[in-house]
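First up is the structure itself, then whatever we jot down about it.
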Amino acid sequence: MKVLHVESGRHLYGGAVQVLLLLRGLRAEGVENVLVCPTGSEIAAAAPEADLREISMGGDLDVGLISRMRRIIAETRPDIIHLHSRRGADWIGGLAALRLGVPVVLSRRVDNRERRLFATAKYSLVDRIIAISRGIQKVLIDAGVSADKVACVPDAVPPMGLHQRDRVWFEMEFGVHATVPTIGVIAQLIPRKGHRFFLDAVPDLLRTTPDLRVVFFGRGETELDLRNQITRLGLDNVVTMPGFRDDLMRIFPCLDLVVHPALSEGLGVALLQASQAGLPVVASRVGGIPEAIIDGKTGVLVPPSDVAALTEAVNSILADASWSRQLGANAAAHVAAHFGVEQMVAGNLAVYRAI
648 MKVLHVESGR HLYGGAVQVL LLLRGLRAEG VENVLVCPTG SEIAAAAPEA
698 DLREISMGGD LDVGLISRMR RIIAETRPDI IHLHSRRGAD WIGGLAALRL
748 GVPVVLSRRV DNRERRLFAT AKYSLVDRII AISRGIQKVL IDAGVSADKV
798 ACVPDAVPPM GLHQRDRVWF EMEFGVHATV PTIGVIAQLI PRKGHRFFLD
848 AVPDLLRTTP DLRVVFFGRG ETELDLRNQI TRLGLDNVVT MPGFRDDLMR
898 IFPCLDLVVH PALSEGLGVA LLQASQAGLP VVASRVGGIP EAIIDGKTGV
948 LVPPSDVAAL TEAVNSILAD ASWSRQLGAN AAAHVAAHFG VEQMVAGNLA
998 VYRAI
């Protein structure tokens, strides 16, 4: 079997990392992979598991991408086309494959709702949709997509080799003293990740935990707004923003808690990674998050944008070290049982074989 994968992201964020895991797993199963990605993208340098085709990919309005992809499809003659990302790859990828006789699979990673007419038109271009959570699967069905067309295959977290807790290194790297309670927020700096609501909760958290420190790991369009909010709230000595980091395995042991105040979320790979590392998580009850975080067992879920509930949940975990450790242990067990790479690869492969 030969599968042509299309990933339009330029950075190795959660979705692109899942593509890499899938390519490696499929190769081990004897599948031949072709990867179409943007010229100079980070995934291009990290994907030796595929026949690499780097091309210009300009987003949703780049109609020239249709002809560029059709040429690659004609050259490589895949058995299946798998579209992995939304920006420019979903509907354009579907149009590129139209009337070529090659079945198309689309991975759906976000839980935002779409107008029924638009969803009907777009998803008519593909043969099967893989939702990474039941939350996304429900959104698609509610938009009018046939339930028979949607399969749920959760994202995966590979086994991690965690570093030893090295708070001396952490203090030198991020300026956070080794003995203080530290919260990590691991997400792109974009509006739907909800950083601003957590910042509004921090002043109240400091009344209970005066030495609390917060680190935002990520980069994105809201960085300047968040920095201005930090200054306005007088939190310059409390909140650190070091940007995107690819060494989370070294960072996780130095955190006490991860907070994810998202307004929408397909599943949350960073939450799975934190859970696998044995960290409790406070997150919004949206999208696929309740599948990643079990309320009261592996973390605490709160309504989105509810600053008071967010404050109460964080305080409850910071105040009870024994409960925090139990949540973390339960979280690691939950991820090991339900979010393995082998399960994810097998689920995608089953969809390929079915069509």
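Here this note's numbering is used: position 155 in the sequence shown is 802, and no number is missing along the way.
The C-beta atom is built at its ideal place from N, Cα and C for all residues, glycine as well.
Say the cut is 7 angstroms; is the CB of residue i nearer than that to a heavy atom of the ligand SAM?
| i | result |
| --- | --- |
| P951 | This structure lacks the ligand SAM; in fact it carries no ligand of any kind. |
Quick check: the Cα distance between residue i and residue j, rounded to an integer number of angstroms?
| i | j | result |
| --- | --- | --- |
| M704 | L914 | 26 angstroms |
| A803 | S963 | 29 angstroms |
| A955 | A848 | 7 angstroms |
| G740 | P828 | 47 angstroms |
| A966 | A960 | 10 angstroms |
| N977 | E938 | 14 angstroms |
| T723 | G748 | 14 angstroms |
| G808 | E912 | 26 angstroms |
| L852 | L926 | 19 angstroms |
| A877 | V752 | Residue identity check: residue 877 is Ile in the sequence provided, not Ala. Roughly 43 angstroms separates the two Cα atoms. |
| R892 | G865 | 7 angstroms |
| R733 | T887 | 31 angstroms |
| G890 | A778 | 29 angstroms |
| A968 | V664 | 33 angstroms |
| E654 | A692 | 13 angstroms |
| A721 | E701 | 16 angstroms |
| L846 | N875 | 11 angstroms |
| G935 | G782 | 5 angstroms |
| V710 | P838 | 28 angstroms |
| N884 | I830 | 14 angstroms |
| D795 | S780 | 16 angstroms |
| Q784 | L882 | 39 angstroms |
Taking its Cβ as the centre, do 16 or more other Cβ atoms sit within 10 Å of residue i, making it buried, or is it exposed?
| i | result |
| --- | --- |
| P806 | exposed |
| H824 | exposed |
| M819 | exposed |
| N995 | buried |
| D737 | buried |
| P850 | exposed |
| P950 | exposed |
| T767 | exposed |
| R972 | exposed |
| D758 | buried |
| T958 | buried |
| T686 | exposed |
| L708 | exposed |
| F863 | buried |
| R854 | exposed |
| V797 | buried |
| R755 | buried |
| A917 | buried |
Short of 8 angstroms in beta carbon distance, which residues of its chain neighbour residue i, apart from the five on each side in sequence? Order them along the chain.
| i | result |
| --- | --- |
| V650 | L673, V678, E679, N680, V681, P725, D726, I727, I728, H729, Y999 |
| H810 | M896, R897, P900 |
| S769 | Correcting the residue type first, residue 769 is Lys in the shown sequence and not Ser. Excluding residues within five positions, the ones whose Cβ falls inside 8 angstroms are D737, W738, G741, E761. |
| I658 | The amino acid occupying residue 658 in the given sequence is His; Ile does not appear at that position. Cβ within range, chain order: S688, E689, F891. |
Excluding sequence positions up to five away, which residues of its chain have a Cβ less than 6 angstroms from the Cβ of residue i?
| i | result |
| --- | --- |
| P750 | I727, D774, I1002 |
| R746 | none |
| M648 | V678, D726 |
Where DSSP assigns a beta bridge to residue i, which residues make up the other side?
| i | result |
| --- | --- |
| P685 | I702 |
| K769 | According to DSSP, which records beta bridges pairwise, K769 is partnered with nothing at all. |
| R860 | T829 |
| V650 | N680, I727 |
| D942 | G946 |
| C799 | A778 |
| R755 | A778 |
Could you work out which residue in the options is closest to residue i when comparing CA atoms only?
| i | options | result |
| --- | --- | --- |
| D903 | T856, M888, G656, T878 | T856 |
| V928 | M991, V947, P937, G661 | V947 |
| D872 | G841, E689, A766 | G841 |
| H985 | A766, V800, D789, L836 | V800 |
| F832 | A976, D942, H907 | The sequence shown places Val at residue 832, rather than the Phe named in the question. Ranking the options by Cα distance to V832, first place goes to H907. |
| R715 | S688, A744, E689, S911 | A744 |
| H731 | G656, A790, A692 | G656 |
| F844 | L880, L859, G822 | L880 |
| Q835 | E870, D858, L859, F817 | E870 |
| Q920 | L910, G867, G943, A980 | A980 |
| R812 | L699, K944, A924 | A924 |
Between which residues of its own chain and residue i is the CB-CB distance below 7 angstroms, once the five residues before and five after are set aside?
| i | result |
| --- | --- |
| R814 | A825, C901 |
| R671 | E696 |
| G987 | A803 |
| V786 | D758, R760 |
So with Cβ pairs under 8 angstroms, would you call residue i a contact of chain D?
| i | result |
| --- | --- |
| P801 | Judged by its chain identifiers, the structure shown contains no chain D, having just a single protein chain. |
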